[in-house]
Amino acid sequence: FFCLEGIDGCGKSTQLKRLAEFLTGKGYDVLTIREPGGSEISESIRSLLLDIRYKGVMDSRTELLLYNAARAQVIAEKIAPALAAGKVVLADRFAWSTLAYQGYGREIDPQMVLNLSNITCGKFNPALTIVLDVSLEESRRRQAGENRVADRLESEAVSFFERVRNGYLKIAEVFPDCVNVVDANGDMDKIQDRIRDLILKRLA
Ligand code: TMP
26 FFCLEGIDGC GKSTQLKRLA EFLTGKGYDV LTIREPGGSE ISESIRSLLL
76 DIRYKGVMDS RTELLLYNAA RAQVIAEKIA PALAAGKVVL ADRFAWSTLA
126 YQGYGREIDP QMVLNLSNIT CGKFNPALTI VLDVSLEESR RRQAGENRVA
176 DRLESEAVSF FERVRNGYLK IAEVFPDCVN VVDANGDMDK IQDRIRDLIL
226 KRLA
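Take the sequence shown: its letters are residues 26 to 229, numbered as in this note's numbering.
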């Protein structure tokens, strides 16, 4: 079970797709999921969470609980069965997103966020999470290139994303055995090579 993390616009979804193709080519049976989402119920919760109409309306604790609710469901429906069947699960975000965004970004007590994650995830935690670290400028530049309206989270202030980015770096410092940082400002192919190296080492 592996996960890619990072602030919006860090390039993780593109990198995850390429990683999944690479591992499938090597003969692994791969399940990819995105969070929040990945099952019908979790995708419905995702729509609620990202709806721009709820900007300034959705309470931070509601947000925290909904991210956890979406996760509990996708674990039960998709992740647990896939791991039991011997598949490699690749997640586009998982519980470290909640610590970075709701803990550090929204400034909810990090210990409370971790306690809740334990209730939600139990033993289902990625063996390795790779944080793709980009500057705020680079993430904004990449998002501008996507040419679509920003959702509720993406439309947060720069200061929010600064806290989230620093939160991820802190998480990697505190949990070095299961969270690695990769500099994701540069060439996409080189970043993919680095990600593959780290994952293959864990699969060996
Ligand atoms: P995505 O755009 O990477 O699919 O993620 C959706 C948004 O939700 C993104 O802005 C990050 C945010 N998010 C949280 O705030 N907490 C979480 O636990 C997760 C999984 C995502």
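No residue lacks a Cβ here, since even glycine has one placed at the ideal position from N, Cα and C.
DSSP assignment within the segment 79-158 yields the following whole beta strand (DSSP E) runs of 3 residues or more, N-terminal first: 113-117, 153-158.
For R173, the three-state secondary structure derived from DSSP is coil. In the three-state scheme derived from DSSP, where H, G and I count as helix and E and B as strand, N205 is classed as strand. As the crow flies, the alpha-carbon of I144 is around 28 Å from that of D158.
Closer than 7 Å to some heavy atom of ligand 1: that does not describe the Cβ of L225. According to DSSP, T49 shares a beta bridge with no other residue. Under the three-state reduction of DSSP output, L29 falls in the strand class.
Taking a C-beta distance under 8 Å as the contact criterion, V114 and L124 do not qualify as a contact pair.
Of the residues assessed, K148 falls on the exposed side of the cut-off, its CB having fewer than 16 other CB atoms within 10 angstroms. A direct Cα-to-Cα measurement between R219 and Q127 gives close to 28 Å. The three-state secondary structure of L56, taken from DSSP, is strand. C-alpha of R118 to C-alpha of T57: approximately 11 Å in a straight line.
A116 has its alpha-carbon roughly 18 Å from the corresponding atom of S72. Counting the other Cβ atoms within 10 Å of the Cβ of P106 gives fewer than 16, which makes it exposed. Rounded to the nearest angstrom, the Cβ distance from G36 to A169 is 14 Å, too far for a contact under 8 Å. Just so you know, the alpha carbons of A45 and S64 end up roughly 19 Å apart. Taken through DSSP and simplified to helix, strand or coil, F200 comes out as coil. Here the alpha carbon of R78 sits roughly 8 Å from the alpha carbon of R177.
Of R221, M213, G52, the smallest CA-CA separation from G34 is found for M213. With a threshold of 7 Å, the Cβ atom of S69 does not count as near ligand 1, since no heavy atom of the ligand is closer than that.
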